[in-house]
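One structure is given here, and the rest of the page talks about it.
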Amino acid sequence: MPLALHLAAGYLREGGYDTGTFLEELRRSGFDLDPNHPDDRLLQKESQRANLHRTFSLSLALLGRQLGADADALLAGLRALGYAPLGGFGRSLGEALAGLPAVDFAQLVNTAGKLSLVMPAEEREDDAWRIHPLLAEWLRRGADETAVLARMTEWFVTRLRAKAEQPWKDVTREAGALSAWLARVGGEEVVRVERAGSRYAIQNGPFHVWMEFCARGLRERSDPKERSDLLWTLANVAQRMGAMDSAAEAAEQKLAVDRDTRDEREAALAAGCRADILQARGQLDEALRIRQEEELPVYERLGDVRERAVTLGKIADIAQARGQLDEALRTRREEELPVYERLGATRDILVARAKIALCLLARNAPGDRGDAADLLRLAYSAAVSLGIPEADQIRQIQQHYGVSR
51 MPLALHLAAG
61 YLREGGYDTG
71 TFLEELRRSG
81 FDLDPNHPDD
91 RLLQKESQRA
101 NLHRTFSLSL
111 ALLGRQLGAD
121 ADALLAGLRA
131 LGYAPLGGFG
141 RSLGEALAGL
151 PAVDFAQLVN
161 TAGKLSLVMP
171 AEEREDDAWR
181 IHPLLAEWLR
191 RGADETAVLA
201 RMTEWFVTRL
211 RAKAEQPWKD
221 VTREAGALSA
231 WLARVGGEEV
241 VRVERAGSRY
251 AIQNGPFHVW
261 MEFCARGLRE
271 RSDPKERSDL
281 LWTLANVAQR
291 MGAMDSAAEA
301 AEQKLAVDRD
311 TRDEREAALA
321 AGCRADILQA
331 RGQLDEALRI
341 RQEEELPVYE
351 RLGDVRERAV
361 TLGKIADIAQ
371 ARGQLDEALR
381 TRREEELPVY
391 ERLGATRDIL
401 VARAKIALCL
411 LARNAPGDRG
421 DAADLLRLAY
431 SAAVSLGIPE
441 ADQIRQIQQH
451 YGVSR
(Lines of atoms letter the chains of each structure in order from A and count residues from 1; the text may use other names and numbers.)
(Lines give C-alpha, C1' and ligand atoms only; values in the text may rest on other atoms or scores of the structure.)
Protein backbone atom coordinates (compact mmCIF):
# COMPACT_ATOMS: atom_id res chain seq x y z
CA MET A 1 0.00 0.00 0.00
CA PRO A 2 2.71 2.63 0.72
CA LEU A 3 4.12 2.17 -2.79
CA ALA A 4 0.65 2.43 -4.33
CA LEU A 5 -0.02 5.65 -2.46
CA HIS A 6 3.31 7.06 -3.62
CA LEU A 7 2.34 6.24 -7.21
CA ALA A 8 -1.01 7.97 -6.81
CA ALA A 9 0.55 11.01 -5.16
CA GLY A 10 2.76 11.54 -8.20
CA TYR A 11 -0.29 11.99 -10.41
CA LEU A 12 -2.12 14.24 -7.97
CA ARG A 13 0.92 16.37 -7.15
CA GLU A 14 2.27 17.11 -10.61
CA GLY A 15 0.18 15.31 -13.20
CA GLY A 16 -2.62 17.82 -13.66
CA TYR A 17 -5.16 15.50 -12.00
CA ASP A 18 -7.56 16.11 -9.17
CA THR A 19 -9.08 13.25 -7.17
CA GLY A 20 -12.06 12.80 -9.48
CA THR A 21 -10.14 12.85 -12.76
CA PHE A 22 -7.45 10.57 -11.34
CA LEU A 23 -10.03 7.95 -10.31
CA GLU A 24 -11.63 8.17 -13.74
CA GLU A 25 -8.22 7.61 -15.36
CA LEU A 26 -7.69 4.60 -13.09
CA ARG A 27 -10.98 3.06 -14.15
CA ARG A 28 -10.31 3.72 -17.81
CA SER A 29 -6.88 2.12 -17.66
CA GLY A 30 -7.94 -0.83 -15.53
CA PHE A 31 -5.51 0.44 -12.87
CA ASP A 32 -2.66 -0.26 -15.29
CA LEU A 33 -0.89 3.03 -14.58
CA ASP A 34 2.88 3.41 -14.62
CA PRO A 35 4.63 6.18 -12.64
CA ASN A 36 3.87 9.73 -13.68
CA HIS A 37 7.62 10.43 -13.49
CA PRO A 38 9.80 7.49 -14.65
CA ASP A 39 12.84 9.11 -12.98
CA ASP A 40 11.22 8.90 -9.52
CA ARG A 41 14.09 7.46 -7.47
CA LEU A 42 11.87 5.51 -5.06
CA LEU A 43 10.01 3.84 -7.91
CA GLN A 44 13.23 3.08 -9.82
CA LYS A 45 14.27 0.90 -6.88
CA GLU A 46 11.12 -1.24 -7.31
CA SER A 47 10.52 -0.91 -11.03
CA GLN A 48 8.79 -4.28 -11.32
CA ARG A 49 6.10 -3.14 -8.90
CA ALA A 50 5.86 0.49 -10.00
CA ASN A 51 2.35 0.11 -11.39
CA LEU A 52 -0.87 0.31 -9.37
CA HIS A 53 -2.40 -2.85 -10.79
CA ARG A 54 0.80 -4.83 -10.26
CA THR A 55 1.45 -3.57 -6.75
CA PHE A 56 -2.11 -4.35 -5.64
CA SER A 57 -1.95 -7.78 -7.32
CA LEU A 58 1.35 -8.59 -5.64
CA SER A 59 -0.03 -7.52 -2.26
CA LEU A 60 -3.05 -9.79 -2.66
CA ALA A 61 -0.86 -12.67 -3.82
CA LEU A 62 1.24 -12.27 -0.67
CA LEU A 63 -1.92 -12.13 1.45
CA GLY A 64 -3.19 -15.29 -0.23
CA ARG A 65 0.00 -17.17 0.63
CA GLN A 66 -0.26 -16.08 4.25
CA LEU A 67 -3.93 -17.07 4.48
CA GLY A 68 -3.16 -20.64 3.44
CA ALA A 69 -5.75 -23.24 2.48
CA ASP A 70 -8.76 -20.93 2.92
CA ALA A 71 -7.26 -18.15 0.81
CA ASP A 72 -9.81 -18.23 -2.02
CA ALA A 73 -12.83 -17.70 0.25
CA LEU A 74 -11.06 -15.12 2.40
CA LEU A 75 -9.77 -13.15 -0.59
CA ALA A 76 -13.30 -13.13 -2.00
CA GLY A 77 -14.38 -11.64 1.32
CA LEU A 78 -11.73 -8.93 1.05
CA ARG A 79 -12.85 -8.07 -2.47
CA ALA A 80 -16.42 -7.75 -1.19
CA LEU A 81 -15.17 -5.30 1.43
CA GLY A 82 -14.24 -3.03 -1.46
CA TYR A 83 -17.94 -2.07 -1.40
CA ALA A 84 -17.81 -1.23 2.32
CA PRO A 85 -18.48 2.40 3.30
CA LEU A 86 -15.28 4.43 3.05
CA GLY A 87 -15.84 5.71 6.59
CA GLY A 88 -15.32 2.21 7.95
CA PHE A 89 -17.19 -0.83 9.23
CA GLY A 90 -17.43 -2.67 12.52
CA ARG A 91 -16.86 -6.37 13.08
CA SER A 92 -20.48 -7.54 12.70
CA LEU A 93 -21.19 -5.48 9.58
CA GLY A 94 -17.82 -6.46 8.13
CA GLU A 95 -18.64 -10.15 8.55
CA ALA A 96 -21.90 -9.60 6.69
CA LEU A 97 -20.32 -7.62 3.85
CA ALA A 98 -17.54 -10.17 3.40
CA GLY A 99 -19.96 -13.09 3.66
CA LEU A 100 -17.67 -14.74 6.21
CA PRO A 101 -18.22 -16.36 9.60
CA ALA A 102 -16.72 -14.60 12.60
CA VAL A 103 -13.56 -16.73 12.88
CA ASP A 104 -12.71 -16.40 9.18
CA PHE A 105 -13.35 -12.65 9.20
CA ALA A 106 -11.06 -12.25 12.20
CA GLN A 107 -8.32 -14.16 10.38
CA LEU A 108 -8.79 -12.01 7.27
CA VAL A 109 -8.59 -8.59 8.96
CA ASN A 110 -5.73 -9.69 11.20
CA THR A 111 -3.61 -10.91 8.30
CA ALA A 112 -4.63 -8.14 5.88
CA GLY A 113 -3.96 -5.56 8.56
CA LYS A 114 -0.33 -6.67 8.84
CA LEU A 115 0.03 -5.89 5.12
CA SER A 116 -1.72 -2.50 5.47
CA LEU A 117 -4.56 -3.71 3.23
CA VAL A 118 -7.07 -2.85 5.94
CA MET A 119 -6.55 -0.12 8.51
CA PRO A 120 -8.10 0.38 11.96
CA ALA A 121 -10.78 3.07 12.19
CA GLU A 122 -9.16 4.57 15.26
CA GLU A 123 -11.85 7.18 15.89
CA ARG A 124 -14.31 4.42 16.80
CA GLU A 125 -14.41 2.83 20.23
CA ASP A 126 -15.41 -0.61 18.93
CA ASP A 127 -13.39 -2.88 16.64
CA ALA A 128 -13.66 -1.23 13.24
CA TRP A 129 -11.66 -0.97 10.04
CA ARG A 130 -11.53 0.84 6.72
CA ILE A 131 -9.96 0.24 3.33
CA HIS A 132 -8.14 2.97 1.42
CA PRO A 133 -10.34 4.32 -1.41
CA LEU A 134 -7.78 3.43 -4.11
CA LEU A 135 -7.54 -0.16 -2.97
CA ALA A 136 -11.31 -0.38 -2.48
CA GLU A 137 -11.85 0.76 -6.06
CA TRP A 138 -9.49 -1.92 -7.31
CA LEU A 139 -10.96 -4.67 -5.10
CA ARG A 140 -14.48 -3.98 -6.34
CA ARG A 141 -13.55 -5.15 -9.81
CA GLY A 142 -13.50 -8.71 -8.50
CA ALA A 143 -16.68 -8.66 -6.39
CA ASP A 144 -20.42 -8.98 -7.04
CA GLU A 145 -21.91 -5.62 -6.03
CA THR A 146 -25.48 -6.95 -6.04
CA ALA A 147 -24.62 -9.77 -3.65
CA VAL A 148 -22.71 -7.46 -1.29
CA LEU A 149 -25.56 -4.92 -1.22
CA ALA A 150 -28.05 -7.72 -0.54
CA ARG A 151 -26.02 -8.89 2.47
CA MET A 152 -25.73 -5.31 3.70
CA THR A 153 -29.49 -4.86 3.36
CA GLU A 154 -30.20 -8.03 5.34
CA TRP A 155 -27.84 -6.88 8.10
CA PHE A 156 -29.55 -3.51 8.46
CA VAL A 157 -33.15 -4.69 7.99
CA THR A 158 -32.77 -7.42 10.60
CA ARG A 159 -31.59 -4.88 13.17
CA LEU A 160 -33.90 -2.03 12.21
CA ARG A 161 -37.02 -4.14 12.70
CA ALA A 162 -35.85 -5.56 16.03
CA LYS A 163 -37.48 -4.43 19.26
CA ALA A 164 -34.54 -5.26 21.53
CA GLU A 165 -31.99 -2.64 22.59
CA GLN A 166 -28.75 -4.10 21.20
CA PRO A 167 -29.69 -4.30 17.49
CA TRP A 168 -30.51 -0.57 17.39
CA LYS A 169 -27.21 0.18 19.12
CA ASP A 170 -25.47 -1.81 16.37
CA VAL A 171 -27.16 0.35 13.73
CA THR A 172 -26.29 3.58 15.53
CA ARG A 173 -22.61 2.58 15.67
CA GLU A 174 -22.73 2.16 11.89
CA ALA A 175 -24.31 5.58 11.23
CA GLY A 176 -21.95 6.34 8.35
CA ALA A 177 -22.61 2.97 6.75
CA LEU A 178 -26.36 3.46 7.28
CA SER A 179 -26.30 6.70 5.31
CA ALA A 180 -24.24 5.18 2.50
CA TRP A 181 -26.50 2.12 2.34
CA LEU A 182 -29.78 4.06 2.30
CA ALA A 183 -28.53 6.04 -0.70
CA ARG A 184 -28.12 2.77 -2.62
CA VAL A 185 -31.42 1.07 -1.75
CA GLY A 186 -33.93 1.06 -4.59
CA GLY A 187 -36.81 -0.80 -6.22
CA GLU A 188 -38.90 -3.17 -4.11
CA GLU A 189 -36.35 -2.97 -1.31
CA VAL A 190 -37.41 0.62 -0.60
CA VAL A 191 -40.74 -0.66 0.73
CA ARG A 192 -39.17 -3.34 2.92
CA VAL A 193 -36.57 -0.96 4.32
CA GLU A 194 -39.13 1.75 5.13
CA ARG A 195 -41.36 -0.71 6.98
CA ALA A 196 -38.43 -2.13 8.91
CA GLY A 197 -36.78 1.20 9.64
CA SER A 198 -39.57 3.72 10.19
CA ARG A 199 -39.49 3.64 14.01
CA TYR A 200 -35.71 3.85 14.08
CA ALA A 201 -35.67 6.66 11.52
CA ILE A 202 -38.18 8.78 13.44
CA GLN A 203 -36.42 8.30 16.75
CA ASN A 204 -32.76 8.30 15.74
CA GLY A 205 -32.24 9.66 12.22
CA PRO A 206 -30.04 10.71 10.52
CA PHE A 207 -33.12 12.71 9.57
CA HIS A 208 -31.89 14.34 6.35
CA VAL A 209 -30.77 10.96 5.02
CA TRP A 210 -34.14 9.35 5.74
CA MET A 211 -35.88 12.35 4.16
CA GLU A 212 -33.93 11.82 0.95
CA PHE A 213 -34.63 8.07 1.09
CA CYS A 214 -38.40 8.61 1.48
CA ALA A 215 -38.50 11.27 -1.24
CA ARG A 216 -36.75 8.90 -3.63
CA GLY A 217 -39.16 6.12 -2.72
CA LEU A 218 -42.14 8.36 -3.40
CA ARG A 219 -40.79 9.10 -6.87
CA GLU A 220 -40.50 5.37 -7.56
CA ARG A 221 -43.61 3.89 -5.90
CA SER A 222 -47.25 4.28 -6.93
CA ASP A 223 -49.09 1.83 -4.64
CA PRO A 224 -51.29 3.86 -2.21
CA LYS A 225 -50.34 1.84 0.88
CA GLU A 226 -46.64 2.09 0.09
CA ARG A 227 -46.94 5.82 -0.49
CA SER A 228 -48.89 6.27 2.74
CA ASP A 229 -46.13 4.55 4.72
CA LEU A 230 -43.37 6.55 3.03
CA LEU A 231 -45.26 9.80 3.63
CA TRP A 232 -45.69 8.91 7.31
CA THR A 233 -41.97 8.42 7.80
CA LEU A 234 -41.15 11.49 5.72
CA ALA A 235 -43.54 13.72 7.69
CA ASN A 236 -42.07 12.59 11.00
CA VAL A 237 -38.37 12.74 10.14
CA ALA A 238 -38.87 16.13 8.48
CA GLN A 239 -40.51 17.39 11.66
CA ARG A 240 -37.68 15.99 13.79
CA MET A 241 -35.22 17.87 11.58
CA GLY A 242 -37.21 21.10 11.89
CA ALA A 243 -38.27 21.14 8.23
CA MET A 244 -41.85 22.02 9.13
CA ASP A 245 -43.03 22.99 5.65
CA SER A 246 -41.87 19.66 4.23
CA ALA A 247 -43.43 17.84 7.18
CA ALA A 248 -46.78 19.61 6.70
CA GLU A 249 -46.82 18.86 2.98
CA ALA A 250 -46.10 15.16 3.58
CA ALA A 251 -48.79 14.95 6.29
CA GLU A 252 -51.39 16.55 4.00
CA GLN A 253 -50.49 14.16 1.18
CA LYS A 254 -50.73 11.17 3.51
CA LEU A 255 -54.13 12.30 4.78
CA ALA A 256 -55.42 12.59 1.20
CA VAL A 257 -54.11 9.11 0.28
CA ASP A 258 -55.61 7.51 3.41
CA ARG A 259 -58.99 9.12 2.92
CA ASP A 260 -59.04 7.93 -0.69
CA THR A 261 -58.38 4.36 0.46
CA ARG A 262 -60.81 4.70 3.41
CA ASP A 263 -58.12 3.67 5.88
CA GLU A 264 -59.53 5.15 9.07
CA ARG A 265 -56.58 4.46 11.35
CA GLU A 266 -53.95 5.75 8.91
CA ALA A 267 -56.04 8.88 8.31
CA ALA A 268 -56.11 9.47 12.08
CA LEU A 269 -52.34 9.09 12.21
CA ALA A 270 -51.98 11.60 9.37
CA ALA A 271 -54.28 14.01 11.20
CA GLY A 272 -52.10 13.56 14.27
CA CYS A 273 -49.06 14.51 12.20
CA ARG A 274 -50.81 17.69 11.15
CA ALA A 275 -51.67 18.42 14.79
CA ASP A 276 -48.03 17.86 15.82
CA ILE A 277 -46.91 20.50 13.33
CA LEU A 278 -49.63 22.95 14.37
CA GLN A 279 -48.71 22.40 18.01
CA ALA A 280 -45.03 23.04 17.27
CA ARG A 281 -46.05 26.28 15.55
CA GLY A 282 -48.09 27.41 18.54
CA GLN A 283 -51.52 26.89 16.93
CA LEU A 284 -52.84 25.10 20.00
CA ASP A 285 -56.59 25.53 19.47
CA GLU A 286 -56.59 23.83 16.06
CA ALA A 287 -54.18 21.16 17.26
CA LEU A 288 -56.46 20.39 20.22
CA ARG A 289 -59.52 20.22 17.95
CA ILE A 290 -57.80 17.65 15.72
CA ARG A 291 -56.75 15.57 18.73
CA GLN A 292 -60.25 15.52 20.18
CA GLU A 293 -62.29 15.22 16.97
CA GLU A 294 -60.15 13.41 14.40
CA GLU A 295 -57.87 11.19 16.49
CA LEU A 296 -59.31 10.10 19.85
CA PRO A 297 -62.71 8.91 18.52
CA VAL A 298 -60.99 6.71 15.92
CA TYR A 299 -58.56 5.09 18.36
CA GLU A 300 -61.31 4.51 20.90
CA ARG A 301 -63.55 2.94 18.25
CA LEU A 302 -60.71 0.70 17.02
CA GLY A 303 -59.52 -0.20 20.52
CA ASP A 304 -56.01 1.10 19.83
CA VAL A 305 -54.95 1.73 23.42
CA ARG A 306 -51.40 2.85 22.66
CA GLU A 307 -52.32 5.50 20.09
CA ARG A 308 -55.09 6.70 22.41
CA ALA A 309 -52.49 7.10 25.20
CA VAL A 310 -50.09 8.89 22.85
CA THR A 311 -52.83 11.30 21.80
CA LEU A 312 -53.84 11.96 25.41
CA GLY A 313 -50.19 12.70 26.18
CA LYS A 314 -50.14 15.30 23.42
CA ILE A 315 -53.35 16.82 24.78
CA ALA A 316 -51.53 17.01 28.12
CA ASP A 317 -48.71 18.86 26.32
CA ILE A 318 -51.24 21.50 25.27
CA ALA A 319 -52.63 21.77 28.80
CA GLN A 320 -49.11 22.18 30.17
CA ALA A 321 -48.27 24.85 27.56
CA ARG A 322 -51.37 26.76 28.72
CA GLY A 323 -50.34 26.53 32.37
CA GLN A 324 -53.02 23.95 33.25
CA LEU A 325 -50.49 21.91 35.21
CA ASP A 326 -52.85 19.92 37.44
CA GLU A 327 -54.88 18.77 34.43
CA ALA A 328 -51.71 17.84 32.53
CA LEU A 329 -50.41 15.85 35.51
CA ARG A 330 -53.72 14.03 35.95
CA THR A 331 -53.81 12.99 32.30
CA ARG A 332 -50.22 11.78 32.28
CA ARG A 333 -50.41 9.92 35.59
CA GLU A 334 -53.84 8.35 35.18
CA GLU A 335 -54.39 7.87 31.44
CA GLU A 336 -51.02 7.87 29.67
CA LEU A 337 -48.24 6.34 31.77
CA PRO A 338 -50.27 3.32 33.05
CA VAL A 339 -50.93 2.24 29.45
CA TYR A 340 -47.24 2.29 28.56
CA GLU A 341 -46.42 0.35 31.72
CA ARG A 342 -48.97 -2.35 30.84
CA LEU A 343 -47.54 -2.55 27.32
CA GLY A 344 -43.93 -2.63 28.53
CA ALA A 345 -43.11 0.26 26.17
CA THR A 346 -39.77 1.27 27.69
CA ARG A 347 -39.12 4.35 25.57
CA ASP A 348 -42.67 5.66 25.98
CA ILE A 349 -42.40 5.14 29.73
CA LEU A 350 -39.19 7.12 30.10
CA VAL A 351 -40.48 9.99 27.94
CA ALA A 352 -43.72 10.16 29.94
CA ARG A 353 -41.78 10.17 33.21
CA ALA A 354 -39.57 13.01 31.98
CA LYS A 355 -42.63 15.04 30.98
CA ILE A 356 -44.30 14.44 34.35
CA ALA A 357 -41.07 15.60 36.00
CA LEU A 358 -41.05 18.81 33.95
CA CYS A 359 -44.66 19.45 34.92
CA LEU A 360 -43.83 18.93 38.59
CA LEU A 361 -40.87 21.28 38.36
CA ALA A 362 -43.09 23.91 36.74
CA ARG A 363 -45.75 23.53 39.45
CA ASN A 364 -43.13 23.47 42.26
CA ALA A 365 -45.53 22.47 45.03
CA PRO A 366 -44.11 20.93 48.24
CA GLY A 367 -42.52 17.57 47.37
CA ASP A 368 -42.61 18.19 43.61
CA ARG A 369 -38.85 18.65 43.21
CA GLY A 370 -38.07 15.39 44.98
CA ASP A 371 -40.63 13.47 42.93
CA ALA A 372 -39.29 15.08 39.74
CA ALA A 373 -35.72 14.12 40.65
CA ASP A 374 -36.74 10.48 41.14
CA LEU A 375 -38.59 10.37 37.81
CA LEU A 376 -35.71 11.97 35.91
CA ARG A 377 -33.26 9.53 37.46
CA LEU A 378 -35.37 6.58 36.26
CA ALA A 379 -35.84 8.14 32.83
CA TYR A 380 -32.14 8.89 32.43
CA SER A 381 -31.11 5.37 33.42
CA ALA A 382 -33.54 3.86 30.89
CA ALA A 383 -32.41 6.22 28.12
CA VAL A 384 -28.75 5.37 28.71
CA SER A 385 -29.59 1.67 28.63
CA LEU A 386 -31.38 2.12 25.30
CA GLY A 387 -28.56 4.26 23.91
CA ILE A 388 -30.97 6.93 22.62
CA PRO A 389 -30.53 10.72 22.21
CA GLU A 390 -33.03 11.47 24.99
CA ALA A 391 -30.34 10.54 27.53
CA ASP A 392 -28.47 13.77 26.83
CA GLN A 393 -31.68 15.80 26.90
CA ILE A 394 -32.71 14.38 30.26
CA ARG A 395 -29.24 14.98 31.67
CA GLN A 396 -29.46 18.62 30.60
CA ILE A 397 -32.83 18.94 32.37
CA GLN A 398 -31.35 17.48 35.56
CA GLN A 399 -28.44 19.90 35.46
CA HIS A 400 -30.59 22.92 34.57
CA TYR A 401 -32.93 22.37 37.51
CA GLY A 402 -30.26 21.09 39.89
CA VAL A 403 -32.01 17.75 40.45
CA SER A 404 -29.31 15.34 39.29
CA ARG A 405 -29.21 13.29 42.46
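In case it helps, the numbering used here puts the sequence shown at residues 51 to 455.
All C-beta atoms in this analysis are idealised placements derived from N, C-alpha and C, irrespective of residue type, glycine included.
Report task. State buried or exposed for Q132, treating a residue as buried only when at least 16 other CB atoms are found within 10 Å of its CB. Result -> This sequence places Gly at residue 132; Gln is not what is there. Per the 10 Å Cβ criterion, buried.
Requested in this report: Excluding the 5 residues preceding and the 5 following V240 in the sequence, name in chain order all residues of the same chain whose CB lies nearer than 6 Å to its CB.
Outcome: G267
Report task. Just mark A337 as buried or exposed, buried being the case when its beta carbon has 16 or more other beta carbons within 10 Å. Result -> buried
Report task. Use the C-beta contact count for P135: other C-beta atoms within 10 angstroms, 16 or more gives buried, fewer gives exposed. Result -> buried
Requested in this report: Note down, in chain order, each residue of its chain lying with its Cβ closer than 8 Å to the Cβ of D176, except the 5 sequence neighbours on either side.
Outcome: G140, R141, R223
Requested in this report: Kindly give me the distance between the Cβ atoms of R325 and R341, rounded to whole angstroms, as I take these residues to be in contact under 8 Å.
Outcome: Inspection of the sequence shows that residue 325 is occupied by Ala rather than by Arg. That pair is a contact at about 6 Å.
Requested in this report: Measure the Cβ-Cβ separation of E366 and T381 and say whether it is below 8 Å.
Outcome: A small correction: the amino acid at residue 366 is Ala; Glu does not occupy that position in the sequence shown. Closer than 8 Å, so yes.
**Report entry** alpha helix (DSSP H) runs contained entirely in the stretch 360-411, provided each spans 4 or more residues
**Finding:** 375-381, 387-393
Query - Endpoints, the alpha helix (DSSP H) within which A178 is located - result: It is not in any alpha helix (DSSP H) - A178 instead sits in the beta strand (DSSP E) that spans 178-180.
Requested in this report: Can you say whether A317 is buried or exposed, counting buried as having 16 or more other CB atoms within 10 angstroms of its CB?
Outcome: buried
Query - Selected residue, minimal CA-CA separation from K275, among E384, R312, L387, G247 - result: R312
Query raised in the report: Can you tell me whether K213 is buried or exposed, with buried defined as 16 or more other CB within 10 angstroms of its CB?
Result: exposed
Requested in this report: Using the DSSP secondary-structure output, state which residues sit across from F139 in a beta bridge.
Outcome: W179
Query raised in the report: What did DSSP end up calling P170 once you bin it into helix, strand or coil?
Result: strand
Report task. With distances taken Cα to Cα, identify the nearest neighbour of A433 among C409, L408, D398, A412. Result -> D398
Report task. Report back the beta-carbon spacing between L411 and Y451 to the nearest angstrom; my notes put them in contact at under 8 Å. Result -> 5 Å
Query raised in the report: Quick check: the stretch 340-358 against the stretch 373-380, are there 3 or more CB pairs under 8 Å?
Result: no
Query raised in the report: Excluding the five sequence neighbours on either side, which residues of its own chain have a C-beta within less than 6 Å of the C-beta of A186, listed in chain order?
Result: G132
Query raised in the report: Helix, strand or coil: how does DSSP classify V221 here?
Result: helix
**Report entry** V153 and A162 closer than 8 Å at C-beta
**Finding:** no
Query raised in the report: Are A404 and A429 close, meaning C-beta to C-beta below 8 Å?
Result: yes
Query raised in the report: Taking Y390 as the reference, which of T361, G417, W205, N414 has the closest Cα?
Result: T361
Query raised in the report: Could you give the distance in angstroms between the alpha-carbon of A371 and the alpha-carbon of K364?
Result: 11 Å
Query - 6 Å CB neighbourhood of A369 in its chain, flanking five on each side removed - result: E377, A378
Report task. Would you kindly work out how many angstroms separate the C-alpha atoms of G322 and L284, rounded to a whole number? Result -> 14 Å
Requested in this report: Leaving out five residues on either side along the sequence, give the residues of the same chain with a beta carbon under 8 Å from the beta carbon of M261.
Outcome: L284, V287, A288, M291, A293, S296
Report task. Determine the direct distance from the alpha carbon of L328 to that of L334, and round the result to whole angstroms. Result -> 7 Å
Query raised in the report: Distance, Cα to Cα, A301 vs C264?
Result: 13 Å
Query raised in the report: How would you label K164, buried or exposed, when you count the other beta carbons within 10 angstroms and need 16 or more for buried?
Result: exposed
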